[in-house]
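Residue numbers are given in UniProt numbering: position 8 of the sequence shown equals residue 8, and the series is strictly consecutive. This report concerns only the one structure given below.
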Amino acid sequence: MDAGFKAELIEWGVDWDEILDRFMGNEDLIARFMFKFLKDQNMNDLTKFLEEGNVSEAFKAVHTLKGVGANLGLKGFLTPVCELTEVLRAGSMEGYEPLYAQIKPKYDELIAILEKYQS
C-alpha cells in the first residue's frame with residue numbers, strides 16, 4: 001500500500017489499528033476493500049431518499065452505510081452516521097439536516113482520497 005494513501009486515510013479518520021487487525025495485517029487487502037467503497041451506492045441512496053422524504057428507505061441506506069463504515073474503520077464520519085441511523089430508525093426525519101451536513105463533506109473527502117490513489 002502506498003504510504004501517502006495510508007497517511008491520508010489515517011488523517012481522514014480511518015482507525016488503522018482496527019482495520020489492520022481485522023484484515024490480519026494485509027495492507028493490500030485493506031486497499032482493495034477501500035477502493036470497493038467507491039462503488040458503494042448507499043450515500044447516493046441516502047441523499048436521494050432524504051430529499052424525497054422516504055424515511056424507511058433512507059434508514060436502510062444509512063444503516064448499511066453504518067455497517068460498511070464500521071467494517072472499514074471509517075471513524076471519520078461514523079458518529080454522525082450512527083446518530084442519523086437512530087433518528088431514521090425512529091421513523092422521523094426531525095433533526096436529520098445537521099447530521100447529514102456532517103456526513104456528506106466527510107464522505108466527499110474520503111471519496112476524493114480514494115479516487116486520488118485508485119489505479
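Yeah, the Cβ is synthetic: ideal placement off N, Cα and C, and Gly gets one too.
Close beta carbons around residue i, own chain, < 6 Å, minus the five adjacent residues each side
{"i": "N42", "result": "A61, T64, L65"}
{"i": "E18", "result": "G73"}
Close Cβ partners of residue i (< 7 Å) along its chain, the five nearest in sequence each way excluded
{"i": "E109", "result": "W12"}
{"i": "P80", "result": "L99, Q102, I103"}
{"i": "D2", "result": "Y117"}
Beta-carbon contacts of residue i that lie in its chain and below 8 Å, excluding the five residues immediately before and after
{"i": "Y107", "result": "M43, F77"}
{"i": "A70", "result": "L78"}
{"i": "E83", "result": "L99"}
Boundaries of the alpha helix (DSSP H) in which residue i is found, first to last residue
{"i": "Q102", "result": "96–117"}
{"i": "F5", "result": "3–12"}
{"i": "K48", "result": "42–52"}
{"i": "K36", "result": "27–36"}
Residue j beta carbon less than 8 Å from that of residue i
{"i": "residue 184", "j": "I113", "result": "With the chain covering 1 to 119 only, the question about residue 184 has no answer from this structure."}
{"i": "L20", "j": "F59", "result": "no"}
{"i": "M24", "j": "G53", "result": "no"}
{"i": "F115", "j": "L38", "result": "The sequence given here places Glu at residue 115; Phe does not occur at that position. Yes. Within cutoff."}
{"i": "V55", "j": "G91", "result": "yes"}
Per-residue DSSP class, three states only, for residue i
{"i": "L74", "result": "strand"}
{"i": "A58", "result": "helix"}
{"i": "G67", "result": "helix"}
{"i": "D15", "result": "coil"}
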